[in-house]
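Student: Just passing along the structure, written as structure tokens.
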Amino acid sequence: MTDLASIEPMLKVETLGLRFRNPLILAAGILGLTAPILKRVIESGAGGVVTKSIGLKPRKGHPNPTVVDLGFGLLNSMGLPNPGLEEFMKELETLRGLEAPIILSIYAFSEDELVEIGRIVSDFNVVSAVELNVSCPHVDGISEIAKNPVLVESYVQTLKRHLDKPVIVKLSPNVSDIVRIAEAAVDGGADALTAINTVRAMSIDIEVGRPVLAGIFGGLSGPAIRPIAVRCVYEITESLNVPVFGCGGIETAHDVIEFLMAGATAVQLGSVIARGGLRVFKRILKGLRDFLEERGYSSIDEVRGLAHRR
Amino acid sequence: MTDLASIEPMLKVETLGLRFRNPLILAAGILGLTAPILKRVIESGAGGVVTKSIGLKPRKGHPNPTVVDLGFGLLNSMGLPNPGLEEFMKELETLRGLEAPIILSIYAFSEDELVEIGRIVSDFNVVSAVELNVSCPHVDGISEIAKNPVLVESYVQTLKRHLDKPVIVKLSPNVSDIVRIAEAAVDGGADALTAINTVRAMSIDIEVGRPVLAGIFGGLSGPAIRPIAVRCVYEITESLNVPVFGCGGIETAHDVIEFLMAGATAVQLGSVIARGGLRVFKRILKGLRDFLEERGYSSIDEVRGLAHRR
Amino acid sequence: MSTNINFRRIVKLVRVVEENPRVKTFWFKDALCSKAKPGQFIMVWIIGVDEIPLSLSTIGDLCSVTVAKVGDATEAMHRLKPDDLIGVRGPYGNGFKIVKGRVAVVAGGVGLATLLPLVDKLKDYGCWIEVFLGFRSKHDVFQLARVERAVRPNGAVMIATDDGSIGFKGLVSELFETHLKRSKPSYDVVYTCGPPAMIRRVYELCEAWNLKIQASLEAYMKCGIGICGSCCIGPYRVCKDGPVFSAPQLRKMPELGLYKRGPDGVKIPV
Amino acid sequence: MSTNINFRRIVKLVRVVEENPRVKTFWFKDALCSKAKPGQFIMVWIIGVDEIPLSLSTIGDLCSVTVAKVGDATEAMHRLKPDDLIGVRGPYGNGFKIVKGRVAVVAGGVGLATLLPLVDKLKDYGCWIEVFLGFRSKHDVFQLARVERAVRPNGAVMIATDDGSIGFKGLVSELFETHLKRSKPSYDVVYTCGPPAMIRRVYELCEAWNLKIQASLEAYMKCGIGICGSCCIGPYRVCKDGPVFSAPQLRKMPELGLYKRGPDGVKIPV
Ligand SMILES: Cc1cc2nc3c(=O)[nH]c(=O)nc-3n(C[C@H](O)[C@H](O)[C@H](O)COP(=O)(O)OP(=O)(O)OC[C@H]3O[C@@H](n4cnc5c(N)ncnc54)[C@H](O)[C@@H]3O)c2cc1C
Ligand SMILES: Cc1cc2nc3c(=O)[nH]c(=O)nc-3n(C[C@H](O)[C@H](O)[C@H](O)COP(=O)(O)OP(=O)(O)OC[C@H]3O[C@@H](n4cnc5c(N)ncnc54)[C@H](O)[C@@H]3O)c2cc1C
Ligand SMILES: Cc1cc2nc3c(=O)[nH]c(=O)nc-3n(C[C@H](O)[C@H](O)[C@H](O)COP(=O)(O)O)c2cc1C
Ligand SMILES: Cc1cc2nc3c(=O)[nH]c(=O)nc-3n(C[C@H](O)[C@H](O)[C@H](O)COP(=O)(O)O)c2cc1C
Ligand code: FES
Ligand code: FES
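Chains as they are written, first to last, in the numbering used here: chain A, 102 to 411; chain B, 102 to 411; chain C, 141 to 410; chain D, 141 to 410.
In structure tokens:
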């Protein structure tokens with residue numbers, strides 16, 4: 102199974118005018134803070150990578166503790182630490198000629214910031230697409246955006262107007278009606294959606310009577326949120342005809358198939374890397390190949406959306 | 102530990118003008134469809150019980166499969182099966198003189214229905230309080246109510262106007278801002294809140310390419326949602342001064358303390374009964390007593406809200 | 141493979157046997173079912189149709205359920221062919237407690253399905269087994285050879301049919317009563333499964349004759365794991381506390397054989 | 141008790157020892173830390189203040205961390221008294237690989253803390269151990285007796301201080317270089333921990349003298365479990381792939397000893 106190339110025909114995904122050799126994409130904020138580790142993730146088998154969410158200015162993020170393992174999921178309140186766009190583009194410069202598209206995740210506190218980001222990134226050809234994070238549940242000024250369809254449409258419109266690359270909008274599950282927000286994103290010009298970001302949550306250390314995170318609230322990820330994420334992907338693809346990257350609690354090839362059947366175009370992996378390391382990519386790829394072969398499917402395109410049949 | 106009476110002074114909860122001998126209340130829709138099993142739950146140690154959600158007319162609920170175990174939680178789409186209010190009141194008639202308050206859970210598709218329910222239940226003294234379920238995530242016509250603050254306020258107001266009993270409003274986590282909905286409920290006259298009902302979710306059986314539930318979407322309960330529920334209880338009690346029943350994923354005395362520290366007045370137990378049986382009440386009560394004694398607390402009142410300290 | 145019995149497994153039907161025009165047996169392989177106890181049941185997902193409780197009628201390397209056609213779900217199941225898929229979860233419930241000695245087995249109709257693995261096991265334990273089988277007519281008899289194989293030479297099989305087309309003419313409870321009166325046998329236990337009215341009658345006979353009873357009951361089920369409350373009879377959940385109940389428990393079920401509950405919890409006279 | 145090392149345990153400090161005005165050792169009991177390997181670290185929650193990585197400086201029934209006061213979190217930690225609580229998770233990281241034979245241990249400042257359990261263990265394995273310790277001045281020396289006990293009679297301890305107040309005057313890397321030049325020793329491995337510039341120099345010396353190296357590195361950490369990316373040096377995560385690295389890995393870290401990264405990932409010259 103060192104031979105990724107041989108399984109590419111079964112697993113490749115073409116979307117947004119890009120070619121992913123397989124549907125496993127590194128999720129935003131997972132490792133993607135430096136170029137050498139992104140390169141290593143790609144060498145480990147990822148079909149694509151999303152970087153850490155980057156803003157115009159450097160940001161230290163929330164104080165520690167920022168990540169807690171709850172067993173069935175992680176709770177994090179990283180708070181979008183990042184070195185700022187300019188510094189980060191220098192970092193990415195070294196990443197040319199790799200076998201997987203690089204998607205830059207960005208966030209902005211205002212549409213003015215988006216205009217500037219769009220202009221700067223348009224000419225930066227290391228990056229194939231941009232994922233707009235409007236959904237981080239533990240950063241004031243960001244978490245609110247994803248809840249407001251008017252704001253989402255306007256943000257996406259502004260970014261699209263100033264950015265000459267495909268835009269993926271990353272949605273939040275912490276909303277009354279995710280389809281409504283998805284529609285707003287598409288109306289604003291989103292080329293694709295990612296569902297979902299983490300679920301707003303918290304945990305208390307009862308020995309000391311305090312929240313376990315310094316930031317009090319955090320985002321829940323991992324297996325616990327998978328059924329929520331699958332529901333979101335299904336609801337969106339039931340209503341809208343737009344590529345959706347499924348994300349949330351994926352740990353196995355089984356889980357990937359579940360998201361594909363729910364209608365996802367490809368998937369993103371996050372928390373699983375804490376438990377499974379970078380080996381997860383090859384392990385899951387092998388599992389996908391075995392699943393397809395055993396059931397007589399010739400490619401993942403044949404399972405996509407299957408659960409929508411009536 | 103057969104002696105529940107001896108630990109009552111540490112564990113009793115007085116709220117809504119009612120006296121619960123301990124903070125462990127059976128959650129709505131768990132077993133509470135017949136009188137003899139409710140009686141058995143109380144004999145097993147529950148400090149109070151909430152019945153199955155009852156409507157004006159009998160309702161068969163969704164077709165099977167309606168309950169699926171995902172390991173870290175349950176997914177259900179019961180669809181509010183119940184024999185209708187009149188039939189159910191006959192059922193409850195036999196439940197007098199028990200050691201724990203009986204809370205009637207109700208739902209209504211319109212305010213007219215609420216008026217009628219309020220009138221009927223006002224004189225029914227088997228029931229100490231009413232929990233209004235506006236939050237079932239898999240029944241059209243109900244799941245929408247909890248998302249709309251105007252509707253919630255109006256529903257609660259109508260019920261309060263026609264019902265001479267304390268009203269608890271059961272909130273949904275499937276909203277953009279649970280505090281806003283909690284406020285609306287309190288503005289409408291709610292005497293207390295329950296947080297949370299299940300989280301809208303789904304799962305797909307990849308062997309057959311279909312949703313695992315006949316109803317496609319269901320509600321996620323159990324450990325997976327505990328950090329979401331704790332967050333909701335904390336957010337509400339941070340903003341509002343109203344008794345909150347914490348509910349979601351509680352399995353151990355540890356979890357109960359976590360909810361109390363988050364600000365809950367008492368808690369409700371649901372899914373844990375699938376794995377732990379009716380023994381869970383006594384097991385948790387023993388755990389609570391041990392926790393309090395080991396840490397030198399004289400009652401649960403001393404831990405309540407502790408995590409809100411700055 | 142997971143050992144959580146609640147996780148649903150999709151299994152392929154390896155064989156479908158028509159027992160009689162109303163009853164079919166469906167064979168499949170499932171590791172967890174292979175370890176079930178007699179009297180346990182599984183929740184069977186008839187894909188796209190329904191999920192219903194069915195007793196395991198064979199427990200072994202291959203397992204089976206034996207199903208009477210009585211409504212939508214069972215009719216759909218009867219249309220399934222070898223290689224078709226079903227979903228199973230479980231095994232659930234307490235199952236029968238094996239009592240070594242002299243035992244009676246009283247089965248009504250497809251209730252026999254539930255008792256078959258018990259009879260197999262009782263034979264292994266060397267019990268003296270007297271089996272009373274009730275059917276509508278001789279056309280409804282099924283798995284008789286298997287029962288006779290299990291019982292011989294240490295026991296007896298007696299049959300009652302409503303129309304008298306074979307054996308005793310009348311209800312199996314009447315056959316059982318007649319036998320009790322005539323032979324005054326001292327059974328160590330009476331196992332029974334069948335329609336609720338029959339079970340109630342057998343239970344009453346056991347009370348009168350001072351015999352221990354283990355009765356497998358039925359009730360409408362949704363969750364199968366003891367939380368939804370739809371299967372309650374008296375203070376018991378049939379899915380979790382049962383489906384097999386003893387006399388002290390049956391005494392707390394005044395409704396037994398009088399009414400059952402529908403999916404909505406409404407009482408339906410039986 | 142759970143065996144998930146990621147679950148945070150609240151432990152009581154049983155003893156706090158002042159090693160020197162800048163360094164204290166904190167003792168506590170924790171089952172999972174008792175099973176750690178030398179060179180592993182834990183994430184310590186200084187409640188209400190910060191969570192920081194600290195190497196285990198003793199691994200046994202009682203464990204310890206030895207902490208230099210360098211900023212807010214470590215200052216707050218220095219204010220803690222016996223019976224105060226801290227949170228711990230881990231142990232994390234790969235730890236040192238034990239090489240039996242003739243080994244050098246090169247420690248700079250509080251980097252010695254990381255190497256102490258290693259020295260204890262090397263002694264158990266009967267290694268010949270030459271320890272090179274670097275401090276600012278004689279007032280900064282700590283745990284010297286423990287090191288000497290572990291080394292004697294099969295090895296030697298050499299000290300360097302910046303001000304020459306004890307031992308060799310100069311950097312410990314200079315002392316090590318001098319020793320290499322003079323004695324041309326053939327170590328089976330060189331273990332090192334200390335400030336990045338020192339590690340870089342020791343690494344260069346090992347490359348030049350063709351010696352195997354195991355260097356324990358530091359980087360800013362948040363998650364400690366290999367997903368947040370804040371501790372990356374070259375293609376490696378210090379928390380998960382490290383903190384102990386060998387020469388082939390160090391060769392892929394051009395930034396080593398030149399710059400480190402802050403919490404925001406911005407490069408800071410060292
Ligand atoms: C523990 C247990 C073991 C059983 N074992 C067997 C068996 O081995 N063989 C067999 O043929 N039958 C068995 N049954 C009965 C079987 O489950 C029903 O016959 C079947 O569910 C009927 O479904 P239907 O849609 O075909 O009929 P319907 O037309 O829906 O109803 C016919 C009858 O079946 C009952 N029923 C329908 N759905 C359910 C349900 N989800 N749970 C319980 N009862 C239901 C109805 O209440 C009604 O009395 C068992 C039932 C229980 C509770
Ligand atoms: C694997 C590992 C093992 C360590 N073992 C020890 C040890 O045994 N004894 C000891 O005294 N020190 C050890 N350290 C260093 C220790 O973590 C820092 O000294 C401490 O975090 C400083 O916190 P502060 O708030 O007091 O200082 P600050 O004023 O915040 O910063 C001082 C320095 O500490 C670094 N630092 C601050 N926070 C962190 C963090 N979360 N992760 C990593 N570095 C940080 C800063 O980058 C800066 O270089 C270790 C570090 C690592 C990575
Ligand atoms: C430590 C950590 C950091 C994250 N940082 C970001 C981020 O910067 N931007 C973003 O859009 N999502 C971020 N996420 C969310 C993930 O990209 C992903 O949406 C979420 O974790 C669910 O996927 P998972 O269950 O596979 O982890 C982060 C998640 C974790 C656990
Ligand atoms: C099988 C099942 C049925 C339920 N029925 C109801 C109901 O009728 N009314 C209601 O308000 N909540 C209902 N709930 C939600 C529970 O009361 C509770 O809010 C939820 O399960 C979270 O708690 P838990 O994690 O302890 O189960 C039901 C939950 C389950 C699992
Ligand atoms: S079927 Fe749900 S409790 Fe028995
Ligand atoms: S500290 Fe997060 S990856 Fe190392």
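No residue lacks a Cβ here, since even glycine has one placed at the ideal position from N, Cα and C. Small disclaimer: the values here were computed from a predicted structure and weren't measured.
1. Verify whether the separation of the beta carbon atoms of ILE269(A) and ALA296(A) is less than 8 angstroms.
2. Count the other CB atoms within 10 Å of the CB of GLU254(A); is the residue buried (16 or more) or exposed (fewer)?
3. Quick one: does VAL384(D) have its CB under 8 angstroms from some CB of chain A?
4. Relative to chain A, which residues along the segment 310 to 331 of chain B have a C-beta separation below 7 angstroms, given in chain order?
5. Give the straight-line distance between the Cα atoms of VAL189(C) and LEU139(A), rounded to the nearest whole angstrom.
6. Is ARG197(B) close to chain C? Criterion is C-beta to C-beta, closer than 8 angstroms.
7. I'd like to know whether the C-beta of HIS355(A) is nearer than 8 angstroms to at least one C-beta of chain B.
8. Count the other CB atoms, across all protein chains shown, that sit within 10 Å of the CB of TYR265(D); report buried if there are 16 or more and exposed otherwise.
9. Taking all protein chains shown into account, do 16 or more other C-beta atoms lie within 10 angstroms of the C-beta of GLY295(D), making it buried, or fewer, making it exposed?
10. Going by beta carbon distance, what residues of the same chain come within less than 8 angstroms of ARG276(C), once the five residues before and after it are set aside?
11. Starting from the C-beta of ARG377(D), find all residues in its chain whose C-beta is less than 7 angstroms away, skip the five residues before and the five after it, and write them out in chain order.
12. Mapping DSSP to helix, strand and coil, what is LEU134(B)?
13. Could you check whether the Cβ of ALA408(B) sits closer than 8 angstroms to any Cβ belonging to chain A?
14. Quick one: list the residues of chain D neighbouring GLU194(A), beta-carbon separation under 7 angstroms, in chain order.
15. Hey, out of VAL357(A), ALA365(A) and ALA375(A), whose CA is closest to ILE385(A)'s CA?
16. Residues in the same chain with beta-carbon distance under 6 angstroms from LEU424(D), minus the five sequence neighbours each way, listed in chain order, please.
17. Could you run through the segment 269 to 288 of chain A and flag, in chain order, every residue whose CB is less than 8 angstroms away from some CB of chain D?
18. Let me have the residue list for ligand 2: C-beta closer than 5 angstroms to any non-hydrogen atom, ordered along the chain.
19. Is LEU171(B) near ligand 8, with its Cβ less than 7 angstroms from a heavy atom?
20. Can you pull out the residues from the segment 173 to 184 of chain A whose beta carbon lies closer than 9 angstroms to at least one beta carbon of chain D?
21. Quick one, are the C-beta atoms of GLY100(A) and LEU260(A) less than 8 angstroms apart?
22. Can you find a heavy atom of ligand 3 that lies under 7 angstroms from the Cβ of LEU134(A)?
23. Starting from GLU126(B), follow the alpha helix (DSSP H) in both directions and report where the run begins and ends.
24. Could you tell me whether the segment 327 to 345 of chain C touches the segment 202 to 210 of chain C, where touching means 3 or more Cβ pairs closer than 8 angstroms?
25. If you measure from the beta carbon of ILE408(D) to each beta carbon in chain A, is any gap under 8 angstroms?
26. Report whether the distance from the Cβ of CYS173(D) to the nearest heavy atom of ligand 3 is below 7 angstroms.
27. Can you determine whether any heavy atom of ligand 6 sits closer than 7 angstroms to the C-beta of CYS363(D), and answer yes or no?
28. Does SER195(D) have its Cβ less than 8 angstroms from a Cβ in chain A?
29. Report all residues from its chain with a CB closer than 7 angstroms to the CB of TYR398(B); omit the five preceding and five following residues, and keep chain order.
30. Is ASP191(D) helix, strand or coil by DSSP?
31. With a 10 Å radius around its C-beta and 16 neighbouring C-beta atoms as the bar for buried, classify ILE408(C) as buried or exposed.
32. Just reading off the alpha helix (DSSP H) that GLU187(B) is part of, what are its end residues?
33. Could you check whether the Cβ of CYS379(C) sits closer than 7 angstroms to any heavy atom belonging to ligand 5?
34. Could you tell me the alpha carbon to alpha carbon distance between ILE204(B) and ALA216(C), rounded to whole angstroms?
35. State the Cα-Cα distance for the pair TRP268(D) and GLY233(D), rounded to the nearest angstrom.
36. Where ASP306(A) and PRO184(A) are concerned, what is the direct C-alpha to C-alpha distance, given to the nearest angstrom?
Tutor: Concretely, from the data shown:
1. As a first step, residue 269(A) is located in the first sequence; it is residue number 168 there, counting from the start. As a first step, residue 296(A) is located in the first sequence; it is residue number 195 there, counting from the start. Not a contact, by the Cβ cut-off of 8 angstroms.
2. The sequence position of residue 254(A) within the first sequence is 153, counting from 1. Result: buried.
3. Taking the first residue of the fourth sequence as 1, we reach residue 384(D) at position 244. Not closer than 8 angstroms to any Cβ of chain A, the Cβ of VAL384(D) fails to qualify, so no.
4. GLY310, ARG311, PRO312, PHE318, LEU321, PRO324, ALA325, PRO328, ILE329 and VAL331
5. For the purposes of this step, residue 189(C) is identified with residue 49 of the third sequence, where counting begins at 1. For the purposes of this step, residue 139(A) is identified with residue 38 of the first sequence, where counting begins at 1. Looking at the two C-alpha atoms, the distance is approximately 47 angstroms.
6. Indexing the second sequence from 1 puts residue 197(B) at position 96. False, the Cβ-Cβ gap to chain C never drops below 8 angstroms.
7. Residue numbering aside, residue 355(A) sits at position 254 when the first sequence is read from its first letter. It does; some Cβ of chain B falls within 8 angstroms.
8. In the fourth sequence, the residue the question calls residue 265(D) occupies position 125. Per the 10 Å Cβ criterion, exposed.
9. If you number the fourth sequence from 1, residue 295(D) lands on position 155. GLY295(D) is buried by the Cβ-count criterion.
10. Here residue 276(C) refers to the residue found at position 136 of the third sequence. So the list reads GLY249, THR301, ASP302 and ASP303, once near-sequence residues are dropped.
11. Locating residue 377(D) in the fourth sequence gives position 237, where the first residue counts as 1. Correct list, in chain order: GLY366 and CYS371.
12. Start at 1 with the first residue of the second sequence, and residue 134(B) comes out as number 33. Correct three-state label for LEU134(B): coil.
13. Counting from 1 along the second sequence, the entry for residue 408(B) is found at position 307. Yes, because at least one Cβ of chain A sits closer than 8 angstroms to the Cβ of ALA408(B).
14. Residue numbering aside, residue 194(A) sits at position 93 when the first sequence is read from its first letter. By Cβ distance, chain D contributes nothing, its closest Cβ being about 14 angstroms from GLU194(A), past 7 angstroms.
15. Translated into the one-based positions of the first sequence, residue 385(A) becomes position 284. With distances taken between Cα atoms, ILE385(A) lies closest to VAL357(A).
16. Nothing can be reported for residue 424(D): it is not among the residues displayed for chain D, which extend from 141 to 410.
17. none
18. PHE181(D), ILE192(D), PRO193(D), LEU194(D), SER195(D), VAL207(D), ALA208(D), VAL210(D), GLY211(D), ASP212(D), ALA213(D), THR214(D), VAL250(D), ALA253(D), GLU358(D), TYR360(D), MET361(D) and PRO383(D)
19. Here the bound small molecules are ligand 1, ligand 2, ligand 3, ligand 4, ligand 5 and ligand 6; ligand 8 is not part of this structure.
20. LEU175, ASN177, MET179, PRO182, ASN183 and PRO184
21. The structure shown does not extend to residue 100(A), since chain A spans only 102 to 411, so no value can be given for it.
22. For the purposes of this step, residue 134(A) is taken as residue 33 along the first sequence, with counting starting at 1. Checking the Cβ of LEU134(A) against ligand 3 gives no.
23. In the second sequence, residue 126(B) corresponds to position 25, counting from 1. Per the sequence shown, the amino acid found at residue 126(B) is Ile instead of Glu. Taken as a continuous stretch (DSSP letters only), ILE126(B) belongs to no alpha helix (DSSP H), being part of the beta strand (DSSP E) at 125 to 127.
24. no
25. Reading the fourth sequence from its first residue, position 268 is the one you call residue 408(D). Answer no: the Cβ-Cβ gap between ILE408(D) and chain A never drops below 8 angstroms.
26. Residue numbering aside, residue 173(D) sits at position 33 when the fourth sequence is read from its first letter. It does not: the Cβ of CYS173(D) is nowhere closer than 7 angstroms to a heavy atom of ligand 3.
27. Working through the fourth sequence from its first residue, we reach residue 363(D) at position 223. It does: the Cβ of CYS363(D) is within 7 angstroms (strictly closer) of some heavy atom of ligand 6.
28. As a position in the fourth sequence, residue 195(D) is number 55, starting the count at 1. Not one chain A Cβ lies under 8 angstroms of SER195(D).
29. In the second sequence, the residue the question calls residue 398(B) occupies position 297. Here the set comprises VAL404.
30. Your numbering for residue 191(D) matches position 51 in the fourth sequence. In the sequence as presented, Asp is not what sits at residue 191(D); that position holds Glu. Three-state result, GLU191(D): strand.
31. Counting from 1 along the third sequence, the entry for residue 408(C) is found at position 268. ILE408(C) is exposed by the Cβ-count criterion.
32. As a working note, residue 187(B) is residue 86 in the second sequence. Start and end: 186 to 193.
33. The sequence position of residue 379(C) within the third sequence is 239, counting from 1. Checking the Cβ of CYS379(C) against ligand 5 gives yes.
34. In the second sequence, the residue the question calls residue 204(B) occupies position 103. In the third sequence, the residue the question calls residue 216(C) occupies position 76. Computed Cα separation, rounded: 41 angstroms.
35. In the fourth sequence, the residue the question calls residue 268(D) occupies position 128. In the fourth sequence, the residue the question calls residue 233(D) occupies position 93. Cα-Cα distance, rounded: 26 angstroms.
36. On the first sequence, position 205 is the one that residue 306(A) refers to. On the first sequence, position 83 is the one that residue 184(A) refers to. Cα to Cα, the separation comes out at about 31 angstroms.
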